[in-house]
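Protein chains in written order, with my numbering: chain A, 1 to 169; chain B, 1001 to 1281.
What follows is a short report on a single structure.
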């Protein structure tokens, strides 16, 4: 405290110095003439007018006791659920990578291509097996079969347009 | 110098004719024939325009319902006119697509085609006239009446559309049947020739020919049943209550599919007859 007072005595105060008045020697400046610094203004019984501008917020939060909040059974269930969720997330994340790896590693299998069924070979040909008219008829029958296979009777492209007919104001 | 000018002069003389005639020939080359593909593309394009116009109409309608101002009403009238015009356009392009499809259909008689063409053209004319008359309507109630007119007309249009759709595949079935009948006739003639030659037993082939004929007859019966259903679509049936044209059209398609299946079986029989004729007993 004495040290503080000594320091206060030694500091010249700019507010008290005016250009018209000559500066008093340091030895003559009294400690009572120097106003206290705002940081030094501590509420005292003598100085009741001073009030701090901001209220101090207590830094410590109320303690939560988890052991009392959840029962041991519930705690176990929660832990299991968290573990399961983590496992699911890991599996979900890894599944596409693993699948891709297996897809790449497996050799590409060629798609089966339709092969035309071979014509039944006549094992015991008659005199008409190579007859021009018979062969031409056979060819026409085959071509007709192909045409009949691909024909489509239903015209879905020209279905009636669905239009809004209910105009009411 | 004068000689040169005289040489060039004919070019200047013919140049205007060339300029006039060129665009016409170019236009003639560019103009595509209206086939089904093109007509269908027009129909799809018009449908998109209609959807857009409908969206704008609905927006204007909701704005008018909320605001009830003169400006919002004027805007609604404007949007309704566009919407009704586009709706008519969809019907016109749809009917045009149907017409081109019918004209490209195989196996139909010219009389049947002309009969439907005339009625389709009449429908197109109705909707074209209706479209022209929409612009002259000044109030919302007038437009509402115009819309009702088109709605009533479209009931008749849909009846004709289903009749056309049902008629198109009948030509194909009839074409298949006549092809198979033609092949069968030739097989019969050949079998008769072989029988007369006496170097091959044709008894089995002759029996199979009869079975093939019965298949063709059964197919024809189905085709007639389909024709009767088309007649119901055309006339609207004898009942007072109007029939469901769409379900009738589906029935026609199913009946024709059955007819086609019988024809395929007949065709398979023909193949067996040929194999029989080619094989030595």
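Just so it is clear, CB atoms sit at the ideal spot from N, CA and C, and this is done for glycine as well.
Just how far apart, CA to CA, sit residue 1041(B) and residue 1047(B)? As a first step, residue 1041(B) is located in the second chain; it is residue number 41 there, counting from the start. As a first step, residue 1047(B) is located in the second chain; it is residue number 47 there, counting from the start. Near 10 Å, if we compare the C-alpha coordinates of residue 1047(B) and residue 1041(B).
Output the residue ranges of the alpha helix (DSSP H) runs that lie fully inside the stretch 128-154 of chain A and measure 4 residues or longer, sorted by chain position. DSSP runs (the alpha helix (DSSP H)) wholly in the stretch 128-154 of chain A: 132-150.
Identified DSSP bridge partners for residue 125(A): Here residue 125(A) is taken as the residue at index 125 of the first chain, counted from 1. Answer is 1279(B), bridged to residue 125(A).
Residue 1172(B) versus chain A: which residues are under 8 Å apart at the beta carbon? Reading the second chain from its first residue, position 172 is the one you call residue 1172(B). 151 and 153, listed in chain order.
Terminal residues of the alpha helix (DSSP H) in which residue 1238(B) lies: The residue you call residue 1238(B) lines up with position 238 of the second chain. Counted as a single uninterrupted DSSP element, the stretch harbouring residue 1238(B) is not any alpha helix (DSSP H), since DSSP gives it neither H nor E.
Is it the case that the Cβ atoms of residue 160(A) and residue 1161(B) are separated by a distance below 8 Å? The sequence position of residue 160(A) within the first chain is 160, counting from 1. The sequence position of residue 1161(B) within the second chain is 161, counting from 1. For residue 160(A) and residue 1161(B), yes; Cβs fall inside 8 Å.
Under a Cβ-count criterion, where at least 16 other Cβ atoms within 10 Å of its own Cβ denotes burial, should residue 1134(B) be classed as buried or exposed? Here residue 1134(B) corresponds to residue number 134 of the second chain, with the count starting at 1. That one is buried.
Pop quiz: residue 122(A) and residue 1278(B) are said to be a contact at Cβ under 8 Å. What is the actual Cβ separation, rounded to whole angstroms? Here residue 122(A) refers to the residue found at position 122 when the first chain is read from its first residue. Here residue 1278(B) refers to the residue found at position 278 when the second chain is read from its first residue. A Cβ-Cβ separation of about 5 Å places residue 122(A) in contact with residue 1278(B) under the 8 Å criterion.
So residue 145(A) contacts chain B; which residues on that side make the cut at Cβ distance below 8 Å? Within the first chain, the letter at position 145 stands for residue 145(A). In chain order: 1264, 1267, 1268 and 1271.
Beta-carbon proximity list for residue 1092(B), same chain, < 6 Å, skipping 5 on both sides: The residue you call residue 1092(B) lines up with position 92 of the second chain. Listed in chain order, the non-local C-beta contacts of residue 1092(B) below 6 Å within the same chain comprise 1124 and 1127, local neighbours out to five positions each way being set aside.
Relative to the C-alpha of residue 1146(B), which residue among 1083(B), 1255(B), 1121(B) and 1120(B) is closest? Residue mapping note: residue 1146(B) aligns to position 146 of the second chain, counting from 1. Among 1083(B), 1255(B), 1121(B) and 1120(B), the Cα nearest to that of residue 1146(B) is on 1083(B).
According to the neighbour-count rule (16 or more other Cβ atoms, all chains shown, within 10 Å of its Cβ), is residue 1252(B) buried or exposed? To locate residue 1252(B), count along the second chain from 1; it is residue 252. Answer is buried; the Cβ neighbour count reaches 16.
Chain B partners of residue 128(A), CB-CB under 7 Å? For the purposes of this step, residue 128(A) is taken as residue 128 along the first chain, with counting starting at 1. Correct list: 1194, 1200, 1277 and 1278.
What whole-angstrom Cβ distance do residue 125(A) and residue 1280(B) have, given they're in contact under 8 Å? Counting from one through the first chain, the residue named residue 125(A) turns up at place 125. Counting from one through the second chain, the residue named residue 1280(B) turns up at place 280. About 6 Å separates the two Cβ atoms, so the contact holds.
Confirm, please, whether the CB-CB distance from residue 1255(B) to residue 1222(B) is below 8 Å. Along the second chain, read from residue 1 onward, the residue named residue 1222(B) stands at position 222. Along the second chain, read from residue 1 onward, the residue named residue 1255(B) stands at position 255. In this structure, residue 1255(B) lies closer than 8 Å to residue 1222(B) by Cβ.
Candidates 1163(B), 1087(B) and 1110(B), of which the one nearest residue 1131(B) by Cα: Counting from one through the second chain, the residue named residue 1131(B) turns up at place 131. Per the C-alpha coordinates, the member of 1163(B), 1087(B) and 1110(B) positioned closest to residue 1131(B) is 1087(B).
Just checking my contact of residue 1270(B) with residue 1187(B) at CB under 8 Å: how many whole Å lie between their CB atoms? As a first step, residue 1270(B) must be located in the second chain, where it is residue number 270. As a first step, residue 1187(B) must be located in the second chain, where it is residue number 187. Your pair residue 1270(B) and residue 1187(B) checks out as a contact, with CB atoms roughly 6 Å apart and the cut at 8 Å.
Exposed or buried, residue 149(A), counting other C-beta atoms within 10 Å across all chains shown (16 or more means buried)? In the first chain, counting from the first residue as 1, residue 149(A) sits at position 149. Exposed is the call here.
Tell whether a beta-carbon distance below 8 Å holds between residue 1080(B) and residue 1140(B). By 1-based counting over the second chain, the position of residue 1080(B) is 80. By 1-based counting over the second chain, the position of residue 1140(B) is 140. Against a cut-off of 8 Å, the Cβ pair of residue 1140(B) and residue 1080(B) comes out as a contact.
Quick check on the DSSP output: the alpha helix (DSSP H) that includes residue 1059(B) runs from which residue to which? Residue numbering aside, residue 1059(B) sits at position 59 when the second chain is read from its first letter. Where residue 1059(B) is concerned, the enclosing alpha helix (DSSP H) starts and stops at 1036-1067.
Could you check how far apart the C-beta atoms of residue 1168(B) and residue 1102(B) are, in whole angstroms? I think they sit under 8 Å. Position 168 of the second chain, counting from 1, holds the residue named residue 1168(B). Position 102 of the second chain, counting from 1, holds the residue named residue 1102(B). Under the criterion of beta carbons closer than 8 Å, residue 1168(B) and residue 1102(B) qualify as touching, at roughly 6 Å.
Using a C-beta cutoff of 8 Å, does residue 1160(B) count as contacting chain A? To locate residue 1160(B), count along the second chain from 1; it is residue 160. Not one chain A Cβ lies under 8 Å of residue 1160(B).
If we define contact as Cβ-Cβ less than 8 Å, is residue 1040(B) a contact residue for chain A? On the second chain, position 40 is the one that residue 1040(B) refers to. At least one C-beta of chain A is nearer than 8 Å to the C-beta of residue 1040(B).
What separation, rounded to the nearest whole angstrom, lies between the Cα atoms of residue 1053(B) and residue 147(A)? Numbered from 1 along the second chain, position 53 holds the residue referred to as residue 1053(B). Numbered from 1 along the first chain, position 147 holds the residue referred to as residue 147(A). Between residue 1053(B) and residue 147(A), the C-alpha separation is close to 43 Å.
Taking the straight line between their C-alpha atoms, what separation do you get for residue 1211(B) and residue 1259(B)? Here residue 1211(B) is taken as the residue at index 211 of the second chain, counted from 1. Here residue 1259(B) is taken as the residue at index 259 of the second chain, counted from 1. Residue 1211(B) and residue 1259(B) have their C-alpha atoms roughly 16 Å apart.
Should the stretch 1174-1181 of chain B be regarded as contacting the stretch 1229-1245 of chain B, the criterion being three or more beta carbon pairs within less than 8 Å? Contact between the stretch 1174-1181 of chain B and the stretch 1229-1245 of chain B is absent, because fewer than three Cβ pairs lie under 8 Å.
Which chain A residues are close to residue 1220(B), counting only those with a beta carbon under 7 Å from its beta carbon? The residue you call residue 1220(B) lines up with position 220 of the second chain. None at all; the shortest Cβ gap to chain A is about 16 Å.
Does residue 1129(B) pass the burial test, meaning 16 or more other C-beta atoms within 10 Å, or should it be called exposed? In the second chain, counting from the first residue as 1, residue 1129(B) sits at position 129. Residue 1129(B) should be labelled exposed.
Could you tell me whether the Cβ atoms of residue 1100(B) and residue 1035(B) are closer together than 8 Å? Start at 1 with the first residue of the second chain, and residue 1100(B) comes out as number 100. Start at 1 with the first residue of the second chain, and residue 1035(B) comes out as number 35. Yes; because the gap between Cβ atoms is below 8 Å, this pair is in contact.
If residue 1090(B) and residue 1050(B) are in contact, beta carbons under 8 Å, what's the gap, nearest whole angstrom? Taking the second chain and counting its residues from 1, one reaches residue 1090(B) at position 90. Taking the second chain and counting its residues from 1, one reaches residue 1050(B) at position 50. With a Cβ gap of about 5 Å, residue 1090(B) and residue 1050(B) count as contacting.
Secondary structure at residue 165(A), three-state DSSP: helix, strand or coil? For the purposes of this step, residue 165(A) is taken as the residue at position 165 of the first chain. Shown here, residue 165(A) sits in coil according to DSSP, grouped into three states, outside any helix or strand.
Does any C-beta atom of chain A lie closer than 8 Å to the C-beta of residue 1090(B)? Start at 1 with the first residue of the second chain, and residue 1090(B) comes out as number 90. When Cβ-Cβ separations below 8 Å define contact, residue 1090(B) makes contact with chain A.
Find the residues of chain A that neighbour residue 1169(B), judging by a C-beta separation of less than 7 Å, and give them in chain order. To locate residue 1169(B), count along the second chain from 1; it is residue 169. Listed along chain A, the residues sitting closer than 7 Å to residue 1169(B) by beta-carbon distance are 153.
Per DSSP, what kind of secondary structure is residue 1201(B) in: helix, strand or coil? If you number the second chain from 1, residue 1201(B) lands on position 201. Judged by DSSP in its simplified three-state form, residue 1201(B) adopts coil rather than helix or strand.
Thinking C-alpha only, which one of 1199(B), 1197(B) and 1207(B) is nearest residue 1184(B)? Here residue 1184(B) refers to the residue found at position 184 when the second chain is read from its first residue. Its Cα nearest to that of residue 1184(B), the residue 1207(B) stands out among 1199(B), 1197(B) and 1207(B).
Given a cut-off of 8 Å, decide if residue 1097(B) and residue 1060(B) are closer than it, judged by their beta-carbon atoms. In the second chain, residue 1060(B) corresponds to position 60, counting from 1. In the second chain, residue 1097(B) corresponds to position 97, counting from 1. The beta carbons of residue 1060(B) and residue 1097(B) sit no closer together than 8 Å.
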